[in-house]
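Protein chains: 2
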Amino acid sequence: MLNISERGQQMPASPIRKLVPYAEAAKKKGVRVFHLNIGQPDIETPGAILDAVKHTDMKVLEYSHSAGNESYRRKLVNYYKKVGIDITHEQIMITTGGSEAILFGFFTCLDAGDEVIIPEPFYANYNGFACEAGAVVVPITSKIETGFALPSIDSFEKAITKKTKAIVICNPNNPTGYLYSKTEMEALKDICIRHDLYLFSDEAYREFCYEGNYTSAMHLKGLDQHVVLMDTISKRYSACGARIGALVTKNKLVYDAAMKFAQARLSPPGLAQILGEAAVDLPDNYFNGSRAEYLGRRNLLVERLNAMPGVYCPQPGGAFYAIARLPIDDSDKFCQWLLESFSFNNQTVMLAPATGFYGTPGLGRDEVRLAYVLNLDAINSAMDCLEKALQDYPGRVEKTVKEKAGVN
Amino acid sequence: MLNISERGQQMPASPIRKLVPYAEAAKKKGVRVFHLNIGQPDIETPGAILDAVKHTDMKVLEYSHSAGNESYRRKLVNYYKKVGIDITHEQIMITTGGSEAILFGFFTCLDAGDEVIIPEPFYANYNGFACEAGAVVVPITSKIETGFALPSIDSFEKAITKKTKAIVICNPNNPTGYLYSKTEMEALKDICIRHDLYLFSDEAYREFCYEGNYTSAMHLKGLDQHVVLMDTISKRYSACGARIGALVTKNKLVYDAAMKFAQARLSPPGLAQILGEAAVDLPDNYFNGSRAEYLGRRNLLVERLNAMPGVYCPQPGGAFYAIARLPIDDSDKFCQWLLESFSFNNQTVMLAPATGFYGTPGLGRDEVRLAYVLNLDAINSAMDCLEKALQDYPGRVEKTVKEKAGVN
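Chains as they are written, first to last, in my numbering: chain A, 37 to 444; chain B, 37 to 444.
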């Protein structure tokens, strides 16, 4: 029989992209849709790095080294040094986006049936890569009441079994925007050492921290063999489409095994490596501009959300996401309704239902993720839409005072 | 324990790339190395398609559609029409190189323990992608005596079990250069229909056919639901480093399941999609030049090889590879010796031991693969080196007259 594999059947569809047909239909009706549903910033890719590609004099677009061009990796050593991470170019593997770094990390360290603990809500595609590796995601719930702080160490201890191989952390966090403290990172270190677990650290948003200091998993002393850093230039330089990331680890066995997966796919994208290498040469103050821009957007978004009756949004410390609790019956229904049945001044807003970011069924039904990737005017208009929508939505649910305050 | 996964341990290292350190050492000694070991052509990437990237006016390098830009896919419909393949843009998925098309095809159709039959010698990275999917490669041997024609239908029938899900064919073939005839392709069709098997067809080299006509798996009538085409622009336009390929299928269930894997990794490389799209606009006679160049190289290479005592190389009908039988004890040893211990006029040649292309242990020990990706002068010099090396090599083994003629 021409069956689809079990893996192909179980593979989750992207919860971020599943509403796309409704957005397309809305646009066909002439409605303007504000895309706060996906982490695609409107910030311009630095002209200097696009120019580096435009000025290449290459004659043959050849395969690169499977780990990426050595010249690029050597430059990245300096980039990492500036963020307090001390590594060599032989501990960096250029990947096709952060996505491939996650996949190679999972492939290298996890077998079918192995368990990986992830604080939820989490980046939904971890589910997909775990499915590809046959691994099982074990979620531990972080709560909106604490601003999505790290769940208690006790909850980690309870979740650990003989099959647990790793913990995944995303810091600053997508989808919550939470920035893990040094104390929380040290607590994770202790668990990883105590139970011999890998710590997969997704640090795609390290440049965007607004409250407190960022602690990389690679800043933790004594954890060198445990840490697999999953990185990307997508958000850092607003170059999501380049598909350039990196797997970084001091664990040579992990690196060498990951190299076999890298060799099978030959090399990461060549044109985009030129762009990535040029990005390392951007002036040190480059991030000041984008960080200030995101900070302004965050402040506006969170202020507008919390001013809406029945809405609660904790202040995110980093990245460019926020999760808000809304007075609604079902976030999937609501987000679809926004596109299908609602408009205000011929505009509407696209949000991501938070259900897609939880591993535990039933959670996130009154929460949505908002990506503040649009400019202040667009955010204001989008919030006008949301405010009106919450008044009109037939599935509005009035919360108790306690719930409104986010302290249930 | 911080173990490497079983998958990570079993994942094969690239047999093509494992001799690289010896080549690097030779170069450090000042020896010029002719790289006939890898399918990296010296043909220039068309300036017009590199210019398309250089002239882009994009401001933000955004994620594309997970299936690739619609404009590109619509243009590819015309490309495929020209090679007799009638499909829509919704049956084309742009992938990160042909590599990812293979991976998505395997992920979508094969589960752990499922068997996939591949005529050997075969492209070594099929092993890697099968390992990633947990599938088992079942090789059927094609022989140098027949020029590596399709093994008998009987040998396929014998290899089929309840776990067999698919056959992989590469046409024209890497590593043998064999071009499958219409009769052979029809025979494959019959087996696939009789046993309900997928036919994964890797057609990376379709533009390079020198003898007879190319028959795509997609030319076969009545096989629409079975065929998953794995394609790439790497060789077609000498753009290996772009990492742009395509998975093409009329089987909607396969396409939809593959899309979930595509969504998890967000999108294929953006800059390279511009290059790929521009390539479709190259004039129809573009391939005449590169085809003629490769034909001249093939003729020289095969003539030089067959003129060497004890060497036999069948005439390849397509692609830019040939497999030659050499009077040697062990192709792995010989290829390493060429780099480590041999030089002629301060030059040597790097070849790929054919052992890496066989699934059956022990086969290919007196065979090497040669990629005629260098110009005529380089090929002549490389053949001078090989001729001398075969005289000097301590592991030379004299074959019988029958073996020399390749008819044992």
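Where is the CB? At the ideal position from N, CA and C, for every residue including glycine.
*Rounded to a whole number of angstroms, what is the C-alpha to C-alpha distance between B/G469 and B/C206?*
In the structure as shown, chain B begins at 37 and stops at 444. Residue 469 of chain B is therefore absent and cannot be evaluated.
*Per DSSP, which residues does B/T285 bridge with? Please list them.*
Note: B/T285 sits in a beta bridge opposite B/V264.
_If we define contact as Cβ-Cβ less than 8 Å, is A/M47 a contact residue for chain B?_
Yes, because at least one Cβ of chain B sits closer than 8 Å to the Cβ of A/M47.
*Rounded separation between A/M419 and A/L337 - CA only*: Each residue's alpha carbon lies about 8 Å from the other.
*Collapsed DSSP secondary structure at A/M386 in the structure displayed*: Correct three-state label for A/M386: strand.
*Which of helix, strand or coil does DSSP assign to B/Y322?*
In the three-state scheme derived from DSSP, where H, G and I count as helix and E and B as strand, B/Y322 is classed as helix.
*Can you list the residues of chain A that B/L224 reaches, using a CB-CB cut of under 7 Å?*
Going along chain A, no residue has its Cβ under 7 Å from B/L224, so there is no contact; the nearest lies around 15 Å.
*Within the 8 Å Cβ cut-off, does A/V443 reach chain B?*
At A/V443 the pLDDT is 47, less than 50, meaning the model places this residue with poor confidence and gives no usable figure here.
*Is the beta carbon of B/G75 sitting closer than 8 Å to the one on B/N163?*
No. Outside cutoff.
*Please decide whether B/S326 counts as near chain A, where near means a Cβ-Cβ distance under 8 Å.*
No - not a single Cβ of chain A is within 8 Å of the one on B/S326.
*asked:* Looking at chain A, is there any beta carbon in it that lies within less than 8 Å of the beta carbon of B/D232?
replied: Chain A contact via Cβ: present.
*Mind listing, in chain order, the continuous beta strand (DSSP E) runs of no fewer than 3 residues lying wholly within the stretch 312 to 385 of chain B?*
Counting only runs of 3+ residues, the beta strand (DSSP E) found wholly inside the stretch 312 to 385 of chain B occupies 357 to 361, in chain order.
*Separation of A/A407 from B/D402, as counted between CA atoms*: Taking the CA atoms as reference points, B/D402 sits about 60 Å from A/A407.
*Span separating the alpha-carbon of B/Y250 from that of B/G353*: Each residue's Cα considered, the two are about 10 Å apart.
*asked:* In the DSSP assignment, the beta strand (DSSP E) including B/Y108 goes from what residue to what residue?
replied: No beta strand (DSSP E) holds B/Y108; the alpha helix (DSSP H) holding it covers 106 to 118.
_Helix, strand or coil, according to DSSP, for B/S417 in the structure here?_
For B/S417, the three-state secondary structure derived from DSSP is helix.
*DSSP state of B/P155, grouped into three classes?*
Reduced to three states, the DSSP call for B/P155 is strand.
*Would you kindly work out how many angstroms separate the C-alpha atoms of A/V347 and A/E423, rounded to a whole number?*
One C-alpha to the other measures close to 10 Å.
*Examine chain A for any beta-carbon lying closer than 8 Å to the beta-carbon of B/V96, and answer yes or no.*
At a cut-off of 8 Å between beta-carbon atoms, B/V96 makes contact with chain A.
_Assuming contact is defined by CB atoms lying nearer than 8 Å, are A/Y159 and A/G312 in contact in what I supplied?_
Going by C-beta atoms, A/Y159 is not nearer than 8 Å to A/G312.
*asked:* Whole angstroms are fine: how far does the CA of A/E376 sit from the CA of A/K65?
replied: Just so you know, the alpha carbons of A/K65 and A/E376 end up roughly 10 Å apart.
*Where A/V433 falls, given that 16 or more other Cβ within 10 Å makes a residue buried*: Answer is exposed; the Cβ neighbour count stays below 16.
*Listed from N- to C-terminal order along the chain, which residues in the stretch 113 to 135 of chain A have their beta-carbon within a distance smaller than 8 Å of any beta-carbon of chain B?*
Cβ proximity to chain B below 8 Å picks out T132, G133, S135 from the stretch 113 to 135 of chain A.
*Kindly indicate if chain A contains any beta-carbon less than 8 Å away from that of B/E42.*
With 8 Å as the cut-off, B/E42 counts as an interface residue toward chain A.
*Do you know offhand how far A/L387's Cα is from A/F356's?*
Take the alpha-carbon of A/L387 and the one of A/F356: they are about 14 Å apart.
*Cβ neighbour criterion (16 or more within 10 Å) applied to A/A328*: Exposed is the call here.
*Just to confirm, are A/Q351 and A/G149 a CB contact at a threshold of 8 Å?*
Using a Cβ distance threshold of 8 Å, A/Q351 and A/G149 do not count as a contacting pair.
*From B/C276 to A/F297, what does the alpha carbon distance come to, in whole angstroms?*
Using only the alpha carbons, I get a separation of about 18 Å.
*Are A/I359 and A/R301 touching if we call contact CB-CB under 8 Å?*
For A/I359 and A/R301, no; Cβs fall outside 8 Å.
*asked:* With H, G and I counted as helix, E and B as strand and the rest as coil, what does DSSP make of A/M254?
replied: Here A/M254 carries a helix assignment [DSSP, helix/strand/coil].
*asked:* By the three-class DSSP mapping on this structure, what secondary structure does B/E403 have?
replied: In the three-state scheme derived from DSSP, where H, G and I count as helix and E and B as strand, B/E403 is classed as strand.
*Does the stretch 303 to 317 of chain A touch the stretch 267 to 283 of chain A, meaning 3 or more C-beta pairs lie closer than 8 Å?*
With the cut-off at 8 Å, the stretch 267 to 283 of chain A and the stretch 303 to 317 of chain A touch.
*chain B contact residues for A/L374, given Cβ-Cβ distances below 9 Å*: Listed by position along chain B, the residues whose Cβ is nearer than 9 Å to that of A/L374 form an empty set, because the closest Cβ is around 21 Å away.
*Inter-residue Cα distance where the pair is B/A425 and B/A59*: Approximately 16 Å between the Cα atoms of the pair.
*Spatial neighbours of B/T384 within its chain, please: CB distance less than 8 Å, with the 5 preceding and 5 following residues excluded, ordered by chain position.*
Same-chain partners within the cutoff: A62, V67, R68, V69, F70, L374, L375, F378, C421, A425.
*asked:* Please state whether the Cβ-Cβ distance between B/L259 and B/I229 is less than 8 Å.
replied: With respect to the 8 Å criterion, B/L259 and B/I229 are classified as neighbours on the basis of their beta carbons.
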